[in-house]
Amino acid sequence: MARRYWIRLRGFDGHEVIAPNASKAKADDYRAWRDAGYGDNRYGSTDRPFKRYLDLIEVCHALGEEHGDPRTPAYGVAS
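Listed below in structure tokens is the structure:
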């Protein structure tokens with residue numbers, strides 16, 4: 004079963020990530036961070052971007068079991 008994690012990076016807002024474990028949550032969040040353009044050379048050296056991402060983590064809390072995505076139609080949101 005998936006779990007919910009709250010991740011906040013220095014200089015960024017915190018957000019919820021749904022993943023099976025904390026390592027996977029960090030990896031999934033890193034991909035989103037990189038895809039948003041924060042892993043490029045505008046923000047420093049690109050030789051170790053994942054290490055730089057990990058250094059930015061201020062908070063990573065487990066919030067408990069995930070019981071469904073509130074963005075799905077089962078929660079009343081039209082698809």
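With the numbering used here as the guide, the letters of the sequence shown map in order to residues 4 to 82. Glycine is no exception: its CB is placed at the ideal position from the N, C-alpha and C atoms. None of the values given here were measured: they were computed from a predicted structure.
Unbroken alpha helix (DSSP H) run spanning Arg55, endpoints: 52 to 59
Cα-Cα separation between Phe15 and Ala25, rounded to whole angstroms: 19 Å
CA nearest to the CA of Arg55, picked from His64, Glu68, Tyr41, Leu66: Tyr41
Same chain only: Cβ atoms within 7 Å of Gly12, ignoring 5 sequence neighbours per side: One point to set straight first is that residue 12 is Leu, not Gly, in the sequence displayed. Leu59, Ile60, Glu61.
Contact belief for Ala22 with Arg6 at Cβ below 8 Å, rounded distance in angstroms: 7 Å
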